[in-house]
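Novice:
In my numbering, the protein residues as written are 21 to 176.
1. Under three-state DSSP, which class holds residue 122?
2. State whether the stretch 32-45 contacts the stretch 127-143, with contact taken as three or more CB pairs (one from each stretch) at a distance under 8 Å.
3. Per DSSP, which one or two residues make a beta bridge with residue 52?
4. Can you look up residue 167 in the DSSP assignment and give me helix, strand or coil?
5. Take every Cβ of the stretch 135-145, pair it with every Cβ of the stretch 161-176, and state whether three or more of those distances are shorter than 8 Å.
6. Helix, strand or coil for residue 133 per DSSP?
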């Protein structure tokens, strides 16, 4: 995929992150694009749904699998504003998403190189192409602002 398409979908993911921010959720957005151009988009909903697995990546992967009637997403690209955590990276591997593009690095939970790298595990049957840093500043700025505001609220 070319840079213009990557930027287009990452901007959509940022819009989803802004939606999460407006609902007081951790501002992470994800967009999953299928080979035939179908777009699934969502944002973190852990507080709203009271479910720890309601990360943006999980929600778009689950929606695509449900609509397709198949757990394999071998023709998709996932765009996410923050490097996936171990849970999300595991789901990406299991569902066989072949390409992942993310924005900011996650130095606390990142599973594609920041804290750990699941791609270094031997004997997997699927290794997606993963690239990070696309619109990273915008993603990181939104996350830093969210947590800074949250710390201010807690200290009152």
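Beta carbons are placed, not taken as given, at the ideal position from N, Cα and C, and that holds for glycine.
Specialist: Put simply:
1. In this structure, residue 122 counts as strand in the three-state DSSP scheme.
2. No, the stretch 32-45 does not touch the stretch 127-143.
3. 60 and 98
4. helix
5. Using a C-beta cut-off of 8 Å, the stretch 135-145 makes no contact with the stretch 161-176, since fewer than three inter-stretch Cβ pairs fall below that distance.
6. coil
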